[in-house]
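See below for the structure under consideration.
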Ligand SMILES: [Zn+2]
């Protein structure tokens, strides 16, 4: 029945499927046409029973004025599979386009996964998708904790050690191979970029024009930037690579990226080494987080110091980029607040008052969900662009 629809109606239906609850007004904006043009398309879709229009519940209404009805596509909901591969952790989920996580599994993933291992994880995730009450995933999004250039792969100029520290097969963008083997569109993106997208869409940075998102782990620091809700990746995908901003002109250590004096040298694993003498040589970042959670002074001070070091680089980024919000994620709410205190101190000391005016510095709202919801945003944008081109 839907096959008889015009190209415009099919395009409108694709938008409604991937943006549940979209209003006629928003749909017109997204399609770049007037509401007068959208109305007959929506009427046709409602006549065909492809779409229904529902009023928001009382709790969903916000603001003043008449609540606008949202459009919902008929049938099972659309989903994506998200595979966020952090250092040592693999976070797999099936999530719908309303940001509801229908299934999730977080597991330890020590060392470097081979292409076959990651393919197996993807296959297992996709097979679980058949058991949830939804359509099969429309795409698979893979988040990587490394600089990543779409269609090229990890930064080619990196030292071999750096490349092998991530996954050798990602030296070339493997999304095409994955797409072919798994039979669905596959998108690969830096995990901090996905986090930035998630926070900008429905987290602490919702509605902000310019956003910087920063994530600290025991392995390093990553950041992503959005402008008007869209990821700003730079011309080759490396915008926001804060880990490799130079913070020490006198450093003799060559960083894994091939440069020297990078922020990454100061925090991440080096930060943990400072705790070895008094807290044991086997202390992990999770151990540090637990001690910060219970208010242990030494580790808390160390994390705040890390905030000051990162904050010095972030202060310059703020002066240059003029964000409305800086979102910080250190792994737990308590740790994020401690890191944020150090960042805030430096930003206040090292930026002009006009940059600080209107700059919010906040802890993450979404935590580990940020890159998952960011994956939904990423997939929606690419899938809609593809639908539009048909
Ligand atoms: Zn570096």
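Numbering (our numbering), first residue to last: 203 to 592. We treat Cβ as the ideally placed atom computed from N, Cα and C, and that holds for glycine. All of these numbers come straight from a predicted model, not from anything done at the bench.
- CA-to-CA, the gap between residue 475 and residue 424 works out to about 20 Å.
- Inter-residue distance for residue 506 and residue 496 is about 15 Å (C-alpha atoms, whole angstroms).
- With the rule of 3 Cβ pairs closer than 8 Å, the region 399 to 407 does not count as touching the region 440 to 455.
- Between residue 389 and residue 584 the beta-carbon gap is near 6 Å, inside 8 Å, which marks them as a contact.
- Take residue 466, set aside five residues on each side of it, and the residues of its chain with a beta-carbon closer than 7 Å to its own are 422, 423, 445, 446 and 457, in chain order.
- A residue is listed when its beta-carbon falls short of 6 Å from at least one non-hydrogen atom of ligand 1; in chain order these are 446, 457, 459, 461, 464 and 466.
- As computed with DSSP, residue 432 is found in a beta bridge with 429.
- Here the alpha carbons of residue 341 and residue 586 stand approximately 12 Å from one another.
- Judged by pairs of C-beta atoms under 8 Å, the region 523 to 537 touches the region 411 to 421, as three or more such pairs exist.
- Residue 217 counts as buried, since no fewer than 16 other beta carbons sit within 10 angstroms of its beta carbon.
- Residue 486 and residue 555 have their alpha carbons spaced roughly 38 Å apart.
- Exclusion of the five residues before and after residue 270 leaves 225 and 227 as the residues of its chain whose Cβ lies within less than 7 Å of its Cβ.
- A straight line joining the alpha-carbon of residue 558 with that of residue 428 spans about 18 Å.
- In this structure, 517 is the residue among 533, 298 and 517 with its C-alpha nearest to the C-alpha of residue 553.
- Bounds of the beta strand (DSSP E) holding residue 307 are 303 to 310.
- The straight-line gap separating the alpha-carbon atoms of residue 535 and residue 298 is approximately 26 Å.
- Between the region 271 to 290 and the region 231 to 238, the count of Cβ pairs shorter than 8 Å is below three; the stretches do not touch.
- Unbroken alpha helix (DSSP H) stretches of 4 residues or longer found wholly inside the region 376 to 460: 377 to 384 and 393 to 404, given in chain order.
- The Cβ neighbour count for residue 257, taken over all protein chains shown within 10 Å, is under 16; the residue is labelled exposed.
- The alpha-carbon separation between residue 241 and residue 419 amounts to approximately 48 Å.
- DSSP, read as helix, strand or coil, puts residue 255 in strand.
- Bridge pairing for residue 225: 272 [DSSP].
- Bridge pairing for residue 503: absent [DSSP].
- Per the DSSP secondary-structure output, residue 563 pairs in a beta bridge with 528.
- Beta-bridge pairing by DSSP links residue 237 to no other residue.
- With respect to the C-alpha of residue 349, the residue from 436, 303, 510 and 563 having the closest C-alpha is 436.
- In the three-state scheme derived from DSSP, where H, G and I count as helix and E and B as strand, residue 345 is classed as strand.
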